[in-house]
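Enquirer: Handing you a structure now.
Protein chains: 2
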Amino acid sequence: MIAVTTSPRGRVLEVGAMGTPLAINGERLLSSVHALAELGAYVDERTGLVGVNRLALTDADRAGRERVKGWFEAAGLEVRVDRVGNVYGRRAGAEALAPVIAGSHIDSVPTGGRYDGALGVLAALEVVRTLNDRGVTTRRPLEIAFFTDEEGARFGTDMLGSAVACGRIPLADAYALTDETGVTVRDELARIGFLGEHDERVSPPRAYVELHIEQGPVLADAGLELGVVTGVQAISWLELTLVGKFAHAGTTPMTLRRDAGLVAARVNVRLHEMATSGRYGAQMRATMGRVKPVPNRVNIVPGRVICTVDLRNPEDDAMAAAEAELTAFLEELSKQSGVSIAVKQTAKTARVRFDAGVQSIIAGHARAAGLSHAPIQSGAGHDAQEFAAICPTGMIFVPGEFDGISHNPRERSTPESCIHGANILLRTLLELADAA
Amino acid sequence: MIAVTTSPRGRVLEVGAMGTPLAINGERLLSSVHALAELGAYVDERTGLVGVNRLALTDADRAGRERVKGWFEAAGLEVRVDRVGNVYGRRAGAEALAPVIAGSHIDSVPTGGRYDGALGVLAALEVVRTLNDRGVTTRRPLEIAFFTDEEGARFGTDMLGSAVACGRIPLADAYALTDETGVTVRDELARIGFLGEHDERVSPPRAYVELHIEQGPVLADAGLELGVVTGVQAISWLELTLVGKFAHAGTTPMTLRRDAGLVAARVNVRLHEMATSGRYGAQMRATMGRVKPVPNRVNIVPGRVICTVDLRNPEDDAMAAAEAELTAFLEELSKQSGVSIAVKQTAKTARVRFDAGVQSIIAGHARAAGLSHAPIQSGAGHDAQEFAAICPTGMIFVPGEFDGISHNPRERSTPESCIHGANILLRTLLELADAA
């Protein structure tokens, strides 16, 4: 998948280093990243590392939102909050044309790092600050944005804010989502002061561009400095509720059991077999990330298990075939084991292809800056995939350290990677904002 | 294993119904069971059933202890609390001989029922009340008792109090055990006022007898009214800590994963295969009751899992062979998967055989009362197994409803079963207490 583009290296970290191209202020970018990471910071007990816990619409998220919104205002942007809590900052252009938008998210998973989402938002902010410093006026307006609950870690639906903005999820459905304690999105938006009055549907911009850490090992493994994202693979999430029979582990003969934990284990083993078989291509991925047996005690056969399935495939057809095999397997397994299996689809997105023109612009600037780069498909979902439905869209990936670990306090991109990514974002936005 | 003994039915529920044999007051027994169940009672949200949550040394356990201790005192018993919180009530005999002890426990698992343990303690109390009513003096003293933390559900070591009393576990080791929050057994005993002053080591009694619900489906399946327990099968508990690598489910190729959840699933599947293969006899049982993936999220490959293994076998040799197969499998699996597997033995007891003479006395009274009965091996551990190391010991099982479900609000024995069991306990204790 990865074709390495080699080119002469001409690193552009500061304005003037190469003479011509405009460049962001790397120190300012990084100090913003670290300042935002203070909000929701926590110390991982096992490792002593500092992570970020900024679940959507919590007090920590409110604090993060207020800080970033304050920075938007300080950068002279015209800030608006929409009805689903998405925050946009607008920098006027020379002409009254559709804007170019750059955005991402600032919410995190409970055990998150400081780059996921935040890097994209703060790099976009750094672009604005740089244009302000240099007195550059673009032809089109430039908008930077952060979207509500991209992670889906609290209310169960990822890309929530951008999906509402781009029309996939109706506002009323988003409002009605609840967290584990039964609190709704609408109530939490109101509570933290981010239930805005602006139309939640965004007018199609000229283009949308998002910088993000890769959150995977591919770029680092290939020794690449930048990824030009071709699209997002198809994603299917299932929540399985397995109901068998509670039984005492010491007194219940094996033949009289209906062990929901064993059925979950068989599903996990089958998922791995499916994903590594080659039947669905070399890029099939399948994961059982959650397993919750009840009552979860050493000497009780679990009578009930909730577990999850995460399927990914770059091709919709292969995904559909994998889903069909899994469904048939679950039916057979349920019959054989006497354990009922209820399947709930908790997320489902088709493959998304990003705009070839935007990819070409990103690749052109990477090449000009002498950065090794290649096309890469995103394994994770991103706000950009929602915008791909309404406008030409592209994404820039920078590599992560430590095998690209993410959703973890160890998540890290080097300062060089962050700065490279932000510079390519800057030049891509400039080119798009000056386009007809 | 079960040989049904059929005999003419002559139910003895009340004194005088058959003329001769002494019988307990069934109504009083059951009202004590239900009164104790009020302490620690909780409503299961899913079913609306009322269960018992009386974890050892909690406030609920304290309340239960105080109520039962009060009943002991009201029955004229000389009550003593030992240094590990075991509570004994002594009824003097005509001669200064070693006593006969009848006991069980009143602590419960977090999702327990009202019969497990409590039935044995309260039936023993009912025996004393009956002897008081009838003015019966036994030759030997009779002691009734409840032992600390039989379940091991809070401090991780089951049969704790009886194991200390009978010398298997040193007092200092018991004191040092901690619950999940780090609180010690000793501190909790002191806090709830049950850190007694009496010697924790019990003088070997003439015999020990315990009535208990079966907690399994065997008696009910065979249509039997009573089980004469032959012993307790060998038990081995392991806690496995699996450490692989956290990874994003969307971005990490299958080949770069070290999935601790998948490894736990493979262990579970292998356990089932081992237990049903016949390699370790028809009575081998193996269960993975707990599985705790970290971070337990739909889109993260679990980097760490704690899970448990519960092995049971009626024969020590077969158990040892099963443990050896599992150990070899874990080593192979760890190599193959790149996931480290640390094994901690959390419980291990060899097969226990109960005294043939006590079994014969129990069976004789069951036969005389016209109760269908058979020898049965206990699948669960009980306080009686500790006493088997120091004196002739026996147990009486009564069947449970609903496939013998236990450790669950649905746990139930019929009033008839409870009364039958208590009557056989009464007559067995009388015979043993009058013996030389």
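Respectively, the protein sequence lines represent chains A and B.
Position one of the first sequence corresponds to residue 17 (my numbering), numbered consecutively onward.
Position one of the second sequence corresponds to residue 17 (my numbering), numbered consecutively onward.
Positions of the beta carbon are idealized from the N, C-alpha and C atoms, including for glycine.
Within a Cβ cutoff of 6 Å, which residues of the same chain sit near Glu347/B, ignoring the five residues on either side of it in sequence?
Expert: Once the five neighbours on either side are set aside, Glu347/B has no close Cβ partner at all.
Enquirer: Tell me whether Gly26/B is buried or exposed, calling it buried when 16 or more other Cβ atoms sit within 10 Å of its Cβ.
Expert: Note that Gly26/B has pLDDT 33, beneath the 50 cutoff, so the model's placement of it is unreliable and the number below is only indicative. Counting Cβ neighbours within 10 Å, Gly26/B comes out exposed, since fewer than 16 surround it.
Enquirer: Looking at the secondary structure, which residues open and close the beta strand (DSSP E) in which Gly324/B lies?
Expert: It is Thr, not Gly, that sits at residue 324/B in the sequence shown. Unbroken beta strand (DSSP E) run through Thr324/B: Arg320 to Asn329.
Enquirer: Just to confirm before moving on: does the CB-CB distance between Ala280/B and Arg273/B stay below 8 Å?
Expert: Not closer than 8 Å, so no.
Enquirer: Contact criterion: CB-CB distance below 8 Å. Does Arg369/B meet it with respect to chain A?
Expert: No, because no Cβ of chain A sits closer than 8 Å to the Cβ of Arg369/B.
Enquirer: Does the beta-carbon of His288/B have 16 or more other beta-carbons within 10 angstroms, so that it is buried, or is it exposed?
Expert: Result: buried.
Enquirer: List the whole-angstrom C-beta distance separating Ala438/B from Leu158/B, where the pair is believed to meet the contact cut-off of C-beta under 8 Å.
Expert: Wrong, their Cβ atoms sit about 14 Å apart, outside the cutoff.
Enquirer: Short of 7 Å in beta carbon distance, which residues of its chain neighbour Glu255/B, apart from the five on each side in sequence? Order them along the chain.
Expert: Closer than 7 Å at the Cβ level, and outside the excluded window around Glu255/B, lie Ile322, Thr324, Lys360 and Thr362.
Enquirer: Between which two residues does the alpha helix (DSSP H) carrying Ser433/B extend?
Expert: Run containing Ser433/B: Pro431 to Ala449, per the alpha helix (DSSP H) assignment.
Enquirer: Consult DSSP for Gly105/A and reduce its assignment to one of helix, strand or coil.
Expert: Gly105/A: strand per DSSP, three-state reduction.
Enquirer: Going along the chain, which residues of its own chain have a beta-carbon closer than 8 Å to the beta-carbon of Ile185/B, five neighbours each way excluded?
Expert: So the qualifying residues of the chain are Thr173, Leu176 and Ala179.
Enquirer: Applying a beta-carbon distance threshold of less than 8 Å, which residues of chain A neighbour Val68/B?
Expert: Those do not exist, as Val68/B stays about 14 Å from chain A at its closest Cβ, beyond 8 Å.
Enquirer: Figure out for me which residue from Ala265/B, Val199/B, Pro115/B and Gly133/B has the closest Cα to the Cα of Asp450/B.
Expert: Among Ala265/B, Val199/B, Pro115/B and Gly133/B, the Cα nearest to that of Asp450/B belongs to Pro115/B.
Enquirer: Let me make sure I understand the geometry here. Which of Thr146/A, Ala298/A and Glu417/A has the alpha-carbon closest to that of Glu331/A?
Expert: Per the Cα distances, Ala298/A.
Enquirer: Taking the alpha-carbon positions, what's the Gln379/A to Met290/B distance?
Expert: Gln is not the amino acid found at residue 379/A; the sequence shown has Ala there. Approximately 56 Å between the Cα atoms of the pair.
Enquirer: Would you tell me roughly how many angstroms separate the C-alpha atoms of Val285/B and Gly239/B, rounded to the nearest one?
Expert: If I take the Cα positions, the gap works out to 32 Å.
Enquirer: If we count the other Cβ atoms within 10 Å of its Cβ and call it buried at 16 or more, is His50/A buried or exposed?
Expert: Label assigned to His50/A: exposed.
Enquirer: Is Tyr296/B helix, strand or coil by DSSP?
Expert: Tyr296/B falls in the coil class under three-state DSSP.
Enquirer: Please name the residue, chosen from Ile122/A, Ala118/A, Met304/A and Leu38/A, that lies closest to Ser78/A on a Cα-to-Cα basis.
Expert: Reading the sequence as shown, one finds Arg at residue 78/A and not Ser. That would be Ile122/A, whose Cα lies nearest to the Cα of Arg78/A.
Enquirer: In three-state DSSP terms, what is Arg369/B?
Expert: Strand, per DSSP.
Enquirer: From Lys364/A to Ala250/A, what does the alpha carbon distance come to, in whole angstroms?
Expert: Taking the straight line from one Cα to the other gives about 8 Å.
Enquirer: To which residues of the same chain is Gly305/B closer than 8 Å at the C-beta, ignoring the five residues directly before and after it?
Expert: So the qualifying residues of the chain are Thr324 and Asp326.
Enquirer: At least one CB of chain B closer than 8 Å to the CB of Gln231/A: is that the case?
Expert: It does; some Cβ of chain B falls within 8 Å.
Enquirer: Is there a Cβ of chain B sitting closer than 8 Å to that of Ile251/A, yes or no?
Expert: For Ile251/A, the answer is yes, since a Cβ of chain B falls inside 8 Å of its Cβ.
Enquirer: Buried or exposed: Val355/B, going by 16 or more other Cβ atoms within 10 Å of its Cβ?
Expert: Buried, because 16 or more other Cβ atoms sit within 10 Å of the Cβ of Val355/B.
Enquirer: Among Gly266/B, Arg369/B and Gly128/B, which residue has its Cα nearest to the Cα of Gly54/B?
Expert: Residue identity differs from the one stated: residue 54/B is Glu in this sequence, not Gly. Of the listed residues, the one whose Cα sits closest to Glu54/B is Gly128/B.
Enquirer: Let me know the secondary structure DSSP gives Lys85/B once reduced to three states.
Expert: The answer is helix: DSSP assigns Lys85/B an H, G or I state.
Enquirer: So who's on the other strand from Tyr58/B, going by DSSP bridges?
Expert: Beta-bridge pairing links Tyr58/B to Gly67/B.
Enquirer: By the DSSP assignment, the beta strand (DSSP E) with Ala192/A in it spans what residues?
Expert: No beta strand (DSSP E) contains Ala192/A, which is instead part of the alpha helix (DSSP H) from Leu187 to Ala192.
Enquirer: Between Val59/A and chain E, is any beta-carbon pair separated by less than 8 Å?
Expert: Reference to chain E is not applicable here, since the protein chains of this structure are A and B.
Enquirer: What number of angstroms, rounded off, separates the C-alpha of Arg443/A from the C-alpha of Ala390/A?
Expert: Near 18 Å, if we compare the C-alpha coordinates of Ala390/A and Arg443/A.
Enquirer: Below 7 Å on C-beta distance, what does Pro311/B contact in chain A?
Expert: Residues of chain A passing the Cβ test: Thr127.
Enquirer: Less than 8 Å between CB atoms is the rule here; does Ser429/B satisfy it with respect to chain A?
Expert: No - not a single Cβ of chain A is within 8 Å of the one on Ser429/B.
Enquirer: Whose C-beta lies closer than 7 Å to the C-beta of Val97/B among residues of the same chain, with five residues either side of it excluded?
Expert: Result list for Val97/B: Val103, Phe210, Gly212 and His214, in chain order.
Enquirer: Check this for me: beta carbons of Phe413/B and Val245/B, under 8 Å apart or not?
Expert: Against a cut-off of 8 Å, the Cβ pair of Val245/B and Phe413/B comes out as a contact.
Enquirer: Which residues in chain A sit within 7 Å of Leu242/B, going by Cβ to Cβ distance?
Expert: Under the 7 Å cutoff, chain A gives no residues; its nearest Cβ is about 16 Å from Leu242/B.
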